[in-house]
């Protein structure tokens, strides 16, 4: 069997709040095969976002191990985790996080610039913009785009450097039903047409149902998979 693109073993995270230890993760173990669309579902406070931040190298676990695309995060320093985020992991957040002074294209291109890429966008990525249905909106600034369009621009920005993994944290949380369904359709298309590995954090059962597999979390544990 091929090595999973994400391998998590006995992951624990404890936050210290005053004199109290808060156990955000309690021995989480999980494998994610390459090319899978996995939803991590559960209510607020279940540990989903903590897991998301650890997988993206944004915070470190208290104990346990995480291997992302062959790299053991425990062996990476700050520079290594920055490189991982830049080259191997794309992030999509609930609030889009687009720069308001740049056009949609500018928001996408700045991610390439930060990673050291120069020159025009590749032909294959231009096809991706058509798949995302934003190829005709690239000269618009965020304020001129709908919420769904802004989120699709954010997805394009996350994918511009061809990351091995796309991490999406409540990507439909700020959207109405129509736009939420459009974004979920896009994520499913990216997975099925391009084989993009996607891990989506959500509290919404209807959003989770778009994934190939659902891992349910509660109280820092995966209850069922």
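Residue numbers (my numbering): 1109 to 1333.
Each residue gets a CB set at the ideal place from its N, CA and C atoms; glycine is no exception.
By the 16-neighbour rule on beta-carbons within 10 angstroms, residue 1205 is exposed. In this structure, residue 1150 places its C-beta atom within 8 Å of the C-beta atom of residue 1325.
For residue 1330, the three-state secondary structure derived from DSSP is strand.
A buried status is given to residue 1257, since no fewer than 16 other beta-carbon atoms sit within 10 Å of its beta-carbon. Per the DSSP secondary-structure output, residue 1174 pairs in a beta bridge with 1116. Under the three-state reduction of DSSP output, residue 1238 falls in the helix class. Taken atom to atom, the span from the alpha-carbon of residue 1277 to that of residue 1156 is near 9 Å.
Per DSSP, reduced to three states, the secondary structure at residue 1137 is strand. Here the alpha carbon of residue 1248 sits roughly 42 Å from the alpha carbon of residue 1119. Where residue 1297 is concerned, the enclosing alpha helix (DSSP H) starts and stops at 1285-1302.
Listed in chain order, the alpha helix (DSSP H) runs fully inside the region 1222-1275 are 1231-1239 and 1255-1267, counting runs of at least 4 residues.
Classified as exposed, residue 1183 has fewer than 16 neighbouring CB atoms from the shown chains inside 10 Å of its CB.
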